[in-house]
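Residue numbers (my numbering), protein chains in the order written: chain C, 1 to 321; chain E, 1 to 321.
For glycine and all other residues, C-beta sits at the position ideal for the given N, C-alpha and C.
2 protein chains.
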Amino acid sequence: MELKEIRLKDLKPAKFIEEKAAEIAAAVGEGVAVNALSGGVDSSVVTLLGHRALGSRLKTYFIENGIMRAGEAGYIVSVFKKLGVKVEVLDAKKQFFGALKGLTDPEEKREAITQTFYKKVFGRIVRKSGARHLLQGTILTDVDETLAGIKRQHNVFEQLGIDPQKAFGYRILEPLIQLRKDGVRKVGQALGLPAEIFRRIPFPGPALSARVIGEVTPERIATVRKATVVVERLLKGTGAFQYMAILHQDRVTGMRNGKRDFGNQIEVRCWDSLDARKATPTRLPFPVLEKLAREILREVPGVVSVTYNITGKPPSTIEAV
Amino acid sequence: MELKEIRLKDLKPAKFIEEKAAEIAAAVGEGVAVNALSGGVDSSVVTLLGHRALGSRLKTYFIENGIMRAGEAGYIVSVFKKLGVKVEVLDAKKQFFGALKGLTDPEEKREAITQTFYKKVFGRIVRKSGARHLLQGTILTDVDETLAGIKRQHNVFEQLGIDPQKAFGYRILEPLIQLRKDGVRKVGQALGLPAEIFRRIPFPGPALSARVIGEVTPERIATVRKATVVVERLLKGTGAFQYMAILHQDRVTGMRNGKRDFGNQIEVRCWDSLDARKATPTRLPFPVLEKLAREILREVPGVVSVTYNITGKPPSTIEAV
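So this is what it looks like as structure tokens:
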């Protein structure tokens, strides 16, 4: 597949789906393919597109890594069940938390998640499945960011624990690689994905571990998960591109029952953006900001302080770590 | 002096000044008194009140601890020179940074500053001066917060390195202890302090070290000092009660020249409050918030992210550590 951008104005979703499904079907032939569904827009669209091409010869897995949003696995399984797609959930919480234990450096955390995902969990699935084709939801922005050094480039086969010498015959299929986020959403809509999925705000690969500064533990994930529920509930009606809660490692002073008490700080970010390349903080009305703070303080134990990020991208990034 | 609050509506500044100056003069008699002037509203007012009572028999010192705002010592000396009050500047930067080295716990940092101030620096001045009277700008809110456990109570003599057995004869004079901040400002105005001083926003005892989460080093103080210059320049016209820049220890991802780059985050707080007991974040217009972020990013090296605190006090406190 050539790497020429298909701009939103040039995208004809029905034709795109027909062509890409035909390419996938031709590539896989009589074999099987596998993919990991995270529940984000890209992986959801690629799952449905692959299912259109291959039917039940596409095996789709949801990896429960313990760092997803509240109720995520059950939600995604039920959405895809309604679309006639079977999703198998694999509980890998112990592997992920084990790999993350003691790590505080953002790069090391990211690497631990990537390694655990590819080598320990998804790699095993691929090797056991006998599939020679992997379907991935890579989009053009991922490629740009890899080239710019913002995301890191990987040799996928090496990551999967597949000897490059034996990798001959394995193929990665990336049918969305000519699109940006807006195009992916349009294709998702045309495929019949529900709006709650194809309009879903972006969510990072390292999931809630990207929303925790410092060590990722089950307790700290539980804290940021609760804050995420509040932020998503209060901001879903804003039309913003993306919004998130970030748990800081820094402790700040608060007061509880009139006494000094060091506690956690949650940072809220809410972005206006077309395609994540540039972004500006949403100009949320102050009553909304104040409600965010009040409800996070009420619903998330241990939090004494809430901030709102007011920096644009660049020089900020969308995520904190 | 009895500890009965004098409310703003009941305060007659001229009468208050006359009475307190008489009390100070009577207490000190023919002796000398000393005080440390930080440049804040309380210590500035007590300096001028003490000077009214004692003239040059009040020795006033500005302790240059290395953690004050940009240009602070020179500014305060010149303001008081115009008022006919001589202020002696004592360079104690090395002592303070030495005591703070390696400390990250907020309580330990605070304690190191307190100990250095009283035992090493001010204590030596008091002991050398032969003064038996210390003038302090304690106000009623300090007393409340000490009783509530928010500030910690100290035995001042012990802190000064003066044996409690020999402390007999030493006296702490706290002429502002029946007032809250609004009353202190009114007295300052009546004493002839310039508005830029008596309307000055509150500034904490531990100075910029209270604005640095984690270790206090000359480099980190330089960073938060530059951010403080921007915040004070842009917010001084708002009429807010207090505003500040806080340097976080947490590093967040940013982009520089298209590459991922971990950098510092500055948190801005701006408070609406009458007397610091309760406070709410000022509803700053978004263009002001965005300008704050832009100018901090431009003027403070190493900063890639700026947040605005949206939590009320309580459960937040005014300062972060």
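Proximity below 7 Å, CB of residue i to CB of residue j
i: L247/C; j: V212/C; result: yes
i: A190/E; j: A33/E; result: no
i: A99/C; j: T116/C; result: yes
i: Q95/E; j: K119/E; result: no
i: G183/E; j: L11/E; result: yes
i: G123/E; j: S43/E; result: no
i: V230/E; j: I296/E; result: yes
i: G254/C; j: S316/E; result: yes
i: A293/E; j: I310/C; result: yes
i: I24/C; j: A53/C; result: yes
i: V85/E; j: V77/E; result: no
i: N65/C; j: L135/C; result: no
i: A245/C; j: V216/C; result: no
i: Y61/C; j: L103/C; result: no
i: L208/E; j: V224/E; result: yes
i: E5/E; j: L140/E; result: yes
i: V28/C; j: V187/C; result: no
i: G214/E; j: G263/E; result: no
i: A227/E; j: T282/E; result: no
i: P218/E; j: F97/E; result: yes
Host alpha helix (DSSP H) of residue i (start-end)
i: E23/C; result: P13 to V28
i: Y75/C; result: E72 to K82
i: D142/E; result: L140 to L147
i: Q189/E; result: K181 to A190
i: I201/E; result: Premise fails: I201/E is in no alpha helix (DSSP H) and is neither H nor E.
i: V229/E; result: P218 to L235
i: R346/C; result: Any question about residue 346/C goes unanswered here, given that chain C covers just 1 to 321.
Burial state of residue i, where buried means 16 or more other Cβ atoms lie within 10 Å
i: P287/E; result: exposed
i: D250/E; result: buried
i: Q153/C; result: Annotation note: pLDDT 49 at Q153/C (below 50); position unreliable, no value reported.
i: A26/E; result: exposed
i: A276/C; result: buried
i: L289/C; result: buried
i: R7/E; result: exposed
i: K20/C; result: buried
i: R180/C; result: buried
i: K313/C; result: buried
i: V306/C; result: buried
i: L3/C; result: exposed
i: S38/E; result: buried
i: E145/E; result: buried
i: E72/C; result: buried
i: E322/E; result: Within the shown structure, residues of chain E are numbered from 1 to 321, placing residue 322/E beyond reach of any answer.
i: P106/C; result: buried
i: R110/C; result: buried
i: M1/E; result: With a pLDDT of 44 at M1/E, under the threshold of 50, the modelled position of this residue cannot be trusted; read the value that follows with caution. Looking at its Cβ environment, which holds fewer than 16 other Cβ atoms inside 10 Å, M1/E is exposed.
i: G74/E; result: exposed
i: P206/C; result: buried
i: L274/C; result: exposed
i: A92/E; result: buried
i: G55/C; result: exposed
i: V321/E; result: buried
Run of the beta strand (DSSP E) containing residue i, from where it starts to where it stops
i: I246/E; result: Q242 to R256
i: Y308/E; result: V303 to N309
i: A320/E; result: Careful: A320/E lies outside any beta strand (DSSP E) and carries neither H nor E.
i: V268/E; result: K259 to D272
i: A210/E; result: Taken as a continuous stretch (DSSP letters only), A210/E belongs to no beta strand (DSSP E), as it is neither H nor E.
i: L173/E; result: R171 to L173
i: V34/C; result: A33 to A36
Identify each residue in the stretch 193–219 of chain C for which the Cβ-Cβ distance to at least one residue of chain E is less than 8 Å, and report them in chain order.
The stretch 193–219 of chain C vs chain E, Cβ under 8 Å: I213 and G214.
Members of the stretch 235–262 of chain C near chain E, C-beta cut-off 9 Å
For the stretch 235–262 of chain C, the residues whose beta carbon sits under 9 Å from a beta carbon of chain E are, in order, I246, H248, Q249, D250, R251, V252, T253, G254, M255, R256, G258, K259, R260, D261 and F262.
Which parts of the stretch 50–133 of chain C are runs of the beta strand (DSSP E), unbroken and 3 residues or longer, counting only runs that do not cross its ends?
Taken in chain order, the complete beta strand (DSSP E) segments of 3 residues or longer contained in the stretch 50–133 of chain C are 58–64 and 87–91.
Relative to chain C, which residues along the stretch 302–319 of chain E have a C-beta separation below 8 Å, given in chain order?
Identification of residues in the stretch 302–319 of chain E having a C-beta nearer than 8 Å to some C-beta of chain C yields V304, S305, V306, T307, Y308, N309, I310, T311, G312, K313, P314, P315, S316, T317 and E319, given in sequence order.
At a Cβ cut of 8 Å, what residues of the stretch 107–136 of chain C count as close to chain E, listed as they run along the chain?
Hits within the stretch: zero.
Could you list the residues in the stretch 63–81 of chain C with a C-beta less than 8 Å from some C-beta on chain E, going in chain order?
Of all residues in the stretch 63–81 of chain C, none has a Cβ within less than 8 Å of some Cβ in chain E.
Near-chain E residues of the stretch 5–19 of chain C (beta-carbon distance less than 9 Å), N- to C-terminal order
Listed by position along the chain: nothing, the set is empty.
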